[in-house]
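**Student:** Numbering (my numbering), first residue to last: 6 to 412.
Here a beta-carbon is modelled for each residue, glycine too, at the ideal position from N, C-alpha and C.
These numbers come from a predicted model, not from an experiment.
Encoded structure:
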């Protein structure tokens, strides 16, 4: 059995086509994803933008607006705070000068104060179109613009309420508690995380890729099974009359195939993690376990496909491309339409998502990354192991019923 294991392992590692599809292809596709979606996360990152500040007569009367803009620019207490800075300011004396800077692409917009002390931000047409596109290649982050809009709106509301309160209750001017309440508005909100790790906008594509590669790895198990069948190969004839039992031969071939598929997925996972920078939230050991479970399911699936009677070896190997490509459509691998389809199936037809092995492999990495508890991860592992048991049982039944009139 040990000799059969080693021979099957060497045979698998010498198959050039399998080496390409199992080791090279996922690296190439992950590299393409990295080039296409590498800047997508920038759309969700706050970066300071340059705006002109129209310091006209109204600006001179609005002390609160000047202090607020200094805070947005990180100049509170004359100390630059780069972590919270939203804008870089360019003072100009007039609105015409601010518009000229926009035309020269020196700034993306300008800040003005009206006669009532209300602050407003005007963006250039190009900036508005860039923000609407939100492709990740934008020079201006949509999140930055949204943060600026919300901050200015909060300032204007606070300023209006403060002015109205002073008019209706003049005694509030001398109340320290009143002024403290005005300055405590920022404490109403705080940043929090609803997941174990900060979501990555591009991670889903890489996880779907792992699901596809996992199913393609069943070609190893298919080859191991067909090499033990007398009607499909000359080697199968010799193995049939060998003293080693068929069960031992199949077990050795299965273990060798499992090791090869495990290695291919580990290489893909390591490339995605350390080269493409798709983090796992510090749960790399769980990811290795996920790869072991996924590759086991893949080999069980391949054993069942390899045991199907009446199909040639070439036909069975062809299924290793057709099945993964089809099932990966429902994991979101092929773009936004596929993503929406995958989400719709998960919400409206969860049973179809559960029986999709590619989706379950993808879910393994979702569970690792986004859940505080390992319970969802354990549940998905259980589903994949149950699939493996079914695939192996069906494969064994088909193999036991195969008989040959002559060799």
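Distance, Cα to Cα, residue 19 vs residue 11?
**Tutor:** Those two C-alpha atoms are separated by around 12 Å.
**Student:** Work out the CA separation of residue 169 and residue 177 for me, nearest whole Å.
**Tutor:** Residue 177 and residue 169: Cα-Cα distance of roughly 11 Å.
**Student:** Looking only at its own chain, which residues have a Cβ that is under 7 Å from the Cβ of residue 26, when we skip the five neighbours before and after it?
**Tutor:** Taken in chain order, the residues that qualify are 221.
**Student:** Among residues of its own chain, excluding the 5 on either side of residue 103, which ones have a beta-carbon nearer than 7 Å to its beta-carbon?
**Tutor:** Within the same chain, residue 103 has close Cβ partners 57, 59, 97, 115.
**Student:** Relative to the alpha-carbon of residue 254, which residue among 273, 268, 226, 277 has its alpha-carbon at the smallest distance?
**Tutor:** Ranking the options by Cα distance to residue 254, first place goes to 226.
**Student:** When you compare the CB positions of residue 94 and residue 216, do they come within less than 7 Å of one another, or not?
**Tutor:** Not closer than 7 Å, so no.
**Student:** Looking at residue 223: is its Cβ nearer than 7 Å to the Cβ of residue 325?
**Tutor:** It is a contact, given that the beta carbons lie within the stated cut-off.
**Student:** Quick check on the DSSP output: the alpha helix (DSSP H) that includes residue 160 runs from which residue to which?
**Tutor:** Run containing residue 160: 147 to 173, per the alpha helix (DSSP H) assignment.
**Student:** Please name the residue, chosen from 76, 159, 386, that lies closest to residue 373 on a Cα-to-Cα basis.
**Tutor:** Closest option to residue 373, Cα to Cα, is 386.
**Student:** Would you mind sorting residue 112 into buried or exposed? The rule is 16 or more other CB atoms within 10 Å of its CB.
**Tutor:** When all chains shown are included, residue 112 counts as buried.
**Student:** If we ignore side chains and look at the alpha-carbon of each, how far apart do residue 77 and residue 286 end up?
**Tutor:** Straight-line Cα distance between these residues: approximately 31 Å.
**Student:** Taking just the CA atoms, how far does residue 380 sit from residue 400?
**Tutor:** Each residue's Cα considered, the two are about 30 Å apart.
**Student:** Helix, strand or coil for residue 57? Go by DSSP, reduced to three states.
**Tutor:** Correct three-state label for residue 57: strand.
**Student:** If we count the other Cβ atoms within 10 Å of its Cβ and call it buried at 16 or more, is residue 155 buried or exposed?
**Tutor:** Answer is exposed; the Cβ neighbour count stays below 16.
**Student:** I need the straight-line Cα distance from residue 338 to residue 163, nearest angstrom please.
**Tutor:** Rounded to the nearest angstrom, the two C-alpha atoms are 46 Å apart.
**Student:** Who are residue 115's beta bridge partners in DSSP?
**Tutor:** According to DSSP, which records beta bridges pairwise, residue 115 is partnered with 57, 127.
**Student:** What does DSSP give as the partner residue(s) for residue 94 in the beta ladder?
**Tutor:** Bridge partners of residue 94: 56.
**Student:** Give every residue of the same chain whose Cβ lies closer than 7 Å to the Cβ of residue 160, excluding the five residues on either side of it in the sequence, and list them in chain order.
**Tutor:** Only 73, 124 meet the Cβ criterion.
**Student:** Would DSSP call residue 232 helix, strand or coil?
**Tutor:** DSSP places residue 232 in coil when its eight states are reduced to three.
**Student:** Just reading off the alpha helix (DSSP H) that residue 347 is part of, what are its end residues?
**Tutor:** Unbroken alpha helix (DSSP H) run through residue 347: 341 to 353.
**Student:** Spatial neighbours of residue 366 within its chain, please: C-beta separation below 6 Å, excluding the five flanking residues on both sides.
**Tutor:** For residue 366, where only same-chain residues beyond five positions count, the Cβ hits under 6 Å are 216, 219, 299.
**Student:** Three-state secondary structure (DSSP) at residue 9?
**Tutor:** Three-state DSSP puts residue 9 in a helix.
**Student:** Going by the CB atoms, is the gap between residue 301 and residue 263 shorter than 7 Å?
**Tutor:** Taking 7 Å as the Cβ cut-off, residue 263 and residue 301 qualify as a contacting pair.
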